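Residue numbers (mature numbering (1 follows the signal peptide of the UniProt record, and there is no 0)): -26 to -1, 1 to 1020.
Written out as structure tokens, the structure reads:
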């Protein structure tokens, strides 16, 4: 009964949708489209129907170049256009489309580009709320669109047609226009379009004249279509992708659909081609044929020519032993499609195709019959200077960085990208989840509210779905369709799902908001916790779980990422996920320094502009594509080969390949043995013949050596590429691991007692001095107030406990600054209860300080200092925070400030990049050195940064070779920067701050910690670090030693 009711509901809503389409079609004969931009039923007027993306060429040779500039049928309109801005459509110039209009005094603007990037009105960043929600617009009453402030851009462009286009059909293609536009040619209305992320094509033939032609475009910033484009990104407007003209013969190839899958147990290629012709001739041609050819590496594997007097024609073939396409082996074939009349070539097309089968089989996502794991990331179209227009070089750089960092899958959040993106993914090998340009998050998800369940919005949902699927279906990289993002569920998504499954049965369809309803082939819950992923895997076997978003990489984030993948590799039903997201969406803006900085939401426009501030800064790379520290962690966790130590005494390890198709023979193994971070031995391993999705035990045959006392030995194992492949150069590290060798001999090193120590005490301080040093302990606070070495004062602030860190974005999300605020300045509440000093017979001085902390309910603490004859200072601290009423603690450690001349920092610990207790699997224990000024990572909003974990010792050194060293019996965490912790701290609530707001200080602030809280990363709006990375109230002790080598 339930099934019958649902089917009947589909039929009813389908009829409603069709009626909407008929109404829209009827309106095409009307001259009145003035209000189309606020009518959800009108979204296309005189537009060509969506087709596959291709460029027509005049002959086969030109087509084979796949370079539009080689086509005599192509004319780019990219470049400077005349531009005039107005505050709203009503105020836009009347008659701007007229050919005799004098536009010589109009501004000029680059196309493609968003006009906000060139000083017209302002960018707006919001996540969920509609960008016009603050201006008296009740968005519950969609499609209510702002009319008072709704910026409108008028564009004009003149052009002349090539002389040989006289007897051809001429079409204009707009790659993307945001959000709605009216098109005029030579003063005449041509058409209207919405859907900002798919092409709009119009036939201009009847509007064109010999000589000069004038193109006029009116672009409206917000339309009813904006209700379906509530994506979490910058709200910009303009002509955002390429504009060009194409000419075709009167009889032309209008469209073609390629189906290239595998057959015969995935060994052969099954090729089906459906070609649609369109005839504009007064009478039908008498001798028309279509020729098809498939080439690979210059060899023709299929060729056929068919005569036809129909407008549709089909081809099919089997390619024996076909070279399969996958992200690991993106084997492509060249499809040549040629139209002939009377034996003469009139139109040629070249398209790269790939043979692969995508299916949900045995409840798993499989490519070519093999399970795959999607090591994915979400990718917005973003450029810091041009907004939503991304040039080819930047697109290729993105993919190169992704390849080098072991990403194999991309979700096009939350709309189809420019066609060039898919061409590059086809060529270099990426699995693409292609998402339809639909999001209505600001409306809500309730069935009685969501546009996804309102029949009057059904035609618009279906139109956007067709636009994307028809354009991108010939790309082998597209393995999954996504119905949209955060737009609720309901009848409109049931219909779009059914339409896709009928028109493209070769790909799965996913939709996160469908949950586990029927209209998603993949369960794609976003930000699902690890325990819930594991529960799903244990309880379900019909569909895979692949989170469409997880690991929210906002600011200093991506903690516990390894734990996600431990679960993913444990359960076959878990097949990867897509990190949110790839690039910080910062826009370049001049600062007050006047250095450029990355602006985020709230940095533009008047005070009442809605904004979600820096919630757009969630990238693994900066806006100019420099790596965040989290990118290194992602690369390590995403690496396609994992290592396990079995017997390190003999060098026996196990390698597990997570490649689905590639044999490890394409990689070479190198190993290095380090002693306290210094290389002492290295070697290689022979050929790695390890099949995909399998494991093998190998022996590195490590050499014998005599271990030294108090030296740690590690073996680092690297897998490197043998040859250049798919944007990854030869000799590039693809995977690596570090193992501690079980050969260390540890003995306690006696501290020097030589020297004649003098102990002096007065009412304010205890002074301990030796031959070339003096240490002063303040009796009021109990902290080391001053250290002098050879007459030089070293400290700019006392050495004192510290229990705070500058809050990260995730900290603000889970309210750490509010919940743990008591720890921020708690050191000021330590009251000295007793301070004593002793000097033994060898001269060693010990100072013991006992504290009570009234604001913590009279909890206690103690710090003991031992001062040795050479000035070495040992610190032993104990903190009794065992009180269940206390909140968790951000960090436990000490800090001080050192003279700025100590500007070189070195350490033996995890590095070289910033790392935290829950994000350090990528950071190998080693010996690292760099300037203090380079320790900072400039997050777009200042926050905790620059940390290092598992440190054995750390040193600050000046240009004279004077060294201050800290060490501990165990490992500790540390950071050293010429900035104050307070400069990175917004206070109790986030502020609109940027890197330039952090003052460079005349000292080096040095943190020496027993523990610091993990950064977390499950999400940035409430998720805590995992329990094992949190610091709960309890008893804590911490020892460390300071030495001075001058």
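By construction, the Cβ of each residue, glycine as well, lies at the ideal position given by its N, Cα and C atoms.
Remember, predicted model here, so these are calculated numbers, not experimental data.
Check, Outcome
"Cβ-based burial, residue 509 [other Cβ within 10 Å; buried from 16]", "exposed"
"C-beta atoms of residue 819 and residue 800 nearer than 7 Å", "no"
"Whether residue 911 touches residue 931 by CB criterion (7 Å)", "no"
"Best match in 407, 356, 434 and 280 for proximity to residue 593 [C-alpha to C-alpha]", "356"
"Inter-residue Cα distance where the pair is residue 951 and residue 972", "12 Å"
"Residue 95 versus residue 793 - alpha carbon distance", "40 Å"
"Endpoints, the beta strand (DSSP E) within which residue 338 is located", "338 to 341"
"Nearest-angstrom Cβ-Cβ length linking residue 940 and residue 882, presumed shorter than 8 Å", "The pair is not a contact, with the Cβ atoms about 11 Å apart (cut-off 8 Å)."
"Runs of alpha helix (DSSP H) wholly within the region 391 to 472 (minimum 4 residues, chain order)", "393 to 402 and 432 to 446"
"Which of helix, strand or coil DSSP assigns to residue 779", "coil"
"Alpha-carbon spacing of residue 512 relative to residue 545, whole angstroms", "8 Å"
"Helix, strand or coil at residue 386 [DSSP, three-state]", "coil"
"Own chain partners of residue 1001 with C-beta closer than 6 Å, once the 5 adjacent residues on each side are dropped", "none"
"Residue 525 beta carbon less than 7 Å from that of residue 532", "yes"
"At least three beta-carbon pairs within less than 8 Å, the region 187 to 198 to the region 151 to 168", "yes"
"Identity of the residue in 616, 224 and 700 nearest residue 305 by Cα", "700"
"Reduced DSSP secondary structure (H/G/I, E/B, other) of residue 284", "coil"
"Buried versus exposed, by CB contacts within 10 Å (16 or more), residue 721", "exposed"
"Meets three-Cβ-pair contact criterion under 8 Å: the region 977 to 987 and the region 1002 to 1014", "yes"
"For residue 198 and residue 422, believed in contact at Cβ under 8 Å, the rounded distance", "So it is not a contact: roughly 20 Å between Cβ atoms."
"Cβ pair residue 453, residue 405 closer than 7 Å", "yes"
"Those residues which DSSP pairs with residue 658 across a bridge", "644"
"Cβ pair count under 8 Å reaching 3, the region 741 to 760 against the region 828 to 847", "yes"
"Residue 999 to residue 989 span [Cα, whole Å]", "6 Å"
"Collapsed DSSP secondary structure at residue 589 in the structure displayed", "helix"
"Coil, strand or helix - residue 613 by DSSP", "coil"
"Alpha-carbon spacing of residue 619 relative to residue 711, whole angstroms", "10 Å"
"Local conformation of residue 326 per DSSP, three classes", "strand"
"Rounded C-alpha distance that separates residue 1022 from residue 124", "Coverage of the chain is limited to positions -26 through 1020, which leaves residue 1022 absent and any answer about it impossible."
"Burial state of residue -4 (16 or more Cβ within 10 Å)", "Because residue -4 sits at a pLDDT of 37, beneath the cut-off of 50, its placement in the model cannot be relied upon, and the point is left open."
"Start-end ranges of the beta strand (DSSP E) lying completely within the region 795 to 852, minimum 3 residues", "805 to 813, 819 to 827 and 833 to 841"
"Straight-line Cα distance separating residue 53 from residue 84", "5 Å"
"Separation of residue 561 from residue 677, as counted between CA atoms", "53 Å"
"The ligand MN heavy atom lying under 6 Å from the CB of residue 949", "Here there are no bound small molecules, and the ligand MN is not part of this structure."
"Distance between beta carbons of residue 36 and residue 322, contact taken as under 8 Å", "7 Å"
"Environment of residue 548 [buried if 16+ CB atoms lie within 10 Å]", "buried"
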